Structures are given as C-alpha cells and as structure tokens.
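Worksheet: one structure, shown below.
Protein chains: 2
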Amino acid sequence: MTGNAAVDAEVTSRERVLRAAAYLFRTKGFDATSMREIAQLAGLGKSSLYHHVPSKQQMLGELVDHGMDQLTSALQRVATADLPTTERLRLAVRTHVLTYIEHRDSVACFIQEGRALTGDQRGAFFAHRDRYEGWFRELVADGIAKGEFRPTDVKLAVFAILGMCHWVVRWYRPDGGFPPEKIADDFAEFAVRGLVTGQEGG
Amino acid sequence: MTGNAAVDAEVTSRERVLRAAAYLFRTKGFDATSMREIAQLAGLGKSSLYHHVPSKQQMLGELVDHGMDQLTSALQRVATADLPTTERLRLAVRTHVLTYIEHRDSVACFIQEGRALTGDQRGAFFAHRDRYEGWFRELVADGIAKGEFRPTDVKLAVFAILGMCHWVVRWYRPDGGFPPEKIADDFAEFAVRGLVTGQEGG
DNA sequence: GTCTATATATTGATAGAC
DNA sequence: GTCTATCAATATATAGAC
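For the protein sequence lines, the chains are U and W, in the order given.
First residue of the first sequence? That's 1 in our numbering, and the numbers climb one at a time after it.
First residue of the second sequence? That's 1001 in our numbering, and the numbers climb one at a time after it.
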C-alpha cells in the first residue's frame, strides 16, 4: 500500500508500475519524473522496474497508446449513433470529458506528454492524434453541410472545442466541486452553442 | 547569428539568453531543455550563461513573469473599455489570442511551464494565474447579472473559454495558414455564442 | 564578458547475487 | 522477481584564467 488509490488496487506488479508512472507523468510531466520516483510509488527498488518494462520511453509510449485507446474506443461507440449531428457533437464532447475523468492518468499522457516520445512511437502518436482530431472535423463539416451548424472554419472550430476539452487536464480535481456529469453537460452545451445556426439576422 | 529569428535581433547578451531560453521552454518544455542548449542557441559557452542569469529556475521565473505581464497589461487596456459586456468579452478573447501570438515564447512559459517553478516563484505564479482567471470570471458574472449572458456556472464557463484560448499554444504555427486576426475573430465569436442569451425557448 | 576545467549530484540503465 | 552495486552520461552550477 502506497496510500495512492491509483496504485494500490490488486493488480500485477507490472500494472502497478505503469499506473504509478501514468500518475506521475500526468501530475509532474514525463521529463520531471524519474525512474526512482516511479519505483518508490510502485513500492519497488528502481532496478526492479526493468524487469517489467524495458525503458522509460517505452513506458510512456505504452501509456500514450492506452490513453488514446480509451478516447477512441469511447468515441467510436458514439460515432455510429443515428442522431442529428448536433446531438452527435453533444455526445462526442460529453464522452471525451467523461472518458478523460475516468481514465485521467493515461489519457493525460496522450494529451500532454506525447511530444516527449521519440522515433517510431513519436510518429505513431501524431498519426493517432490527427486521426482523433479528424473525426471531430468530419463531424463539424457534416453539421455545416446539413445546415445544422453555421458556416465557419472547420479546423479552428475543432481546435476551439478540443482546446476546451483538453484543458480539463489542467484544472480538474476530483474534489474540485464539479461532478463529471456537470462538466460534460456544460461543455457539450458550449460546443453546440458555438456552432448551431442562429442569431445570424442580429 | 543563430538562424533563429527570436534570438538574432540586436539586443544585449542577457536578452539573447532569455529569448533563447523562452523559445526552447515553449517548444521543448522547461525540464527537457538544458543550459547547454540555451547557451548554444544564444551563441555562448554554457558557463557564460551564469554571468547573465543566476540559475535556470530564476530564468523561468523571470520569463513566466514577463509572459504574465504581457497578458495582463494587454487585458487591462480592454478591461476599462466602456462597452456592453458582450463586446468586452469579445475584446478580451481577441486580445488574449493576439497577445499570445505576438509574444509567444514568454506567454507560453506562463501558460505551460509555471508548474515547474519552486518556492516563492511558484506561489507567485499561482496567484497571478488566479488573478488573470478572476478577471474573466468577473466579466462573465457581470454579463449574467446584466442579462446579456445566459445563467451558467461562471467557473466552468471561464475554464471553457480559457481552455480554448490557452490551447492555441499547442497548435499555432506562423505558417499554419491562419492569420492571427482570423483566429482571434473566430474564437471571440465562439466565446460570445457560448454565453449570450438565445434559443432558450427552443 | 567569455572561456576551460571541474565539482557534485542525478539520471536511465545494466550486471549479477539471491 | 527483487535486491545491491555500479556504469556511463548528463545535468546544474562554480572557480578562476584571460
């Protein structure tokens, strides 16, 4: 028992190591986190880490992939919904926010620490990120084509929406007074209001 | 001449060092940047840095302060404008975006690297950040009180707006195809549409 | 004001006992 | 599967010549 709920669960040592790393990468950043700290939080000597993971870089790569998987698998459940584009956007924003909050540590690695990757892992990260953004762009473009959304630059609209969503990483605290559902609802409403047609005659 | 426009200007050595550091802190992050790299970009041996700056930490503190000054001084020119709250919000978002783009390196230090500070500098950073957020909260609360904005949680609204604005750090490139004015206009429109009353009867 | 040389600490990672 | 001991590299920072 380390006193940290993210690490104390009954799981394999390898998983304890990865969870400790994800927690520290989210809260301190990859470069500011040492293998010694990860080992300490996981309850091991630092050399023991290398029995479970080949390197610090490889750990980050695995965590970034895992965070990306959480986001994309959650989003795909929403992407296929047979709903008006406006409601699909609402669902997409809600899903992103709730998925982040539920899987904070690994998703934060994807959102914040991807640039610390090198080599093939770095390229894969940017490809995955672009794919995720691309899905939102298709959604917004679809809404404009259908006349549900006002005509506006699609890329900037998605940067605005994902900026709002991704920034949650920087301020959300479980004891911060905002239930996840409240944040998800309010942010979905912001995204929809920013895009739906209306007030053009003002 | 280093080939980097942010550093080549005709200025004192001290300023060259600070500009090199700011550029690297923005693009690589504080922890991933070494004094050796800063010296190289500034065109000095690494020991020579310490003639101009007492430590790496102190440099970051100075840059974070400078970035914060850019944002707050620009915002204060807007804060006193005698305009409807809706237009003051539009101006505030526009000003934030344009100020970031003009003073990217130091403002990015304020937005992204503040958490790397320690001791008194760390406390001062959080105080300044809270003050900046507080100004936006007053603006939003004022708009709600006057009936210009729909009733909504003020803190979440400001997190949404500043998230959208701060995330520009992560995607803006001078050659990215978006003129600063275009980004500023679109983002101001998003913020306003997210908050103004309307469509409540739908 | 810039340099060479160096002190000291810490890093990620490895070797090998148990 | 975890440990102690250690390696080689790099980090920030200092001392002192010029």
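From the three backbone atoms N, C-alpha and C, an ideal C-beta is built for every residue, glycine too.
Just so you know, these numbers come straight off a predicted model, no measurement behind them.
Quick one: is residue i buried, meaning 16 or more other Cβ sit within 10 Å of its Cβ, or exposed?
| i | result |
| --- | --- |
| Phe110 of chain U | buried |
| Ser1034 of chain W | exposed |
| Glu113 of chain U | buried |
| Ala1108 of chain W | buried |
| Val1196 of chain W | buried |
| Arg1104 of chain W | buried |
| Phe1126 of chain W | exposed |
| Thr99 of chain U | buried |
| His51 of chain U | exposed |
Using 8 Å as the limit for Cβ to Cβ distance, is residue i near chain U?
| i | result |
| --- | --- |
| Arg1088 of chain W | no |
| Ile1183 of chain W | yes |
| His1096 of chain W | no |
| Thr1012 of chain W | no |
| Ala1032 of chain W | yes |
Looking at the C-beta of residue i, does it have a partner C-beta in chain W at a distance below 8 Å?
| i | result |
| --- | --- |
| Phe187 of chain U | yes |
| Leu156 of chain U | yes |
| Arg193 of chain U | yes |
| Gly201 of chain U | Bear in mind that the predicted position of Gly201 of chain U carries a pLDDT of just 49, short of 50, making it too unreliable to give a figure here. |
| His128 of chain U | no |
| Gly198 of chain U | yes |
| Thr118 of chain U | no |
| Trp135 of chain U | no |
| Phe159 of chain U | yes |
| Gly123 of chain U | no |
| Met35 of chain U | no |
| Asp105 of chain U | no |
| Phe190 of chain U | yes |
Which value, in whole angstroms, describes the spacing of the CA atoms of residue i and residue j?
| i | j | result |
| --- | --- | --- |
| Tyr23 of chain U | Ile101 of chain U | 13 Å |
| Arg88 of chain U | Arg94 of chain U | 10 Å |
| Lys182 of chain U | Cys1165 of chain W | 22 Å |
| Leu964 of chain W | Asp1130 of chain W | Lying before the first or after the last residue shown, residue 964 of chain W is absent from chain W, which here runs from 1001 to 1202. |
| Ala1141 of chain W | Val1192 of chain W | 14 Å |
| Arg137 of chain U | Ile161 of chain U | 10 Å |
| Ser1106 of chain W | Gln1058 of chain W | 14 Å |
| Gly29 of chain U | Ala1188 of chain W | 31 Å |
| Phe67 of chain U | Val1097 of chain W | Residue identity differs from the one stated: residue 67 of chain U is Gly in this sequence, not Phe. Rounded to whole angstroms, Gly67 of chain U to Val1097 of chain W spans 29 Å at the Cα level. |
| Asp1031 of chain W | Gln1076 of chain W | 32 Å |
| Phe1159 of chain W | Gly1045 of chain W | 42 Å |
| Gly1147 of chain W | Glu148 of chain U | 26 Å |
Starting from residue i, follow its DSSP beta bridges and name the residues at the other end.
| i | result |
| --- | --- |
| Val1196 of chain W | W:Phe1149 |
Is DSSP giving residue i helix, strand or coil here?
| i | result |
| --- | --- |
| Thr1095 of chain W | helix |
| Val1053 of chain W | coil |
| Ser34 of chain U | coil |
| Arg129 of chain U | helix |
| Gly45 of chain U | coil |
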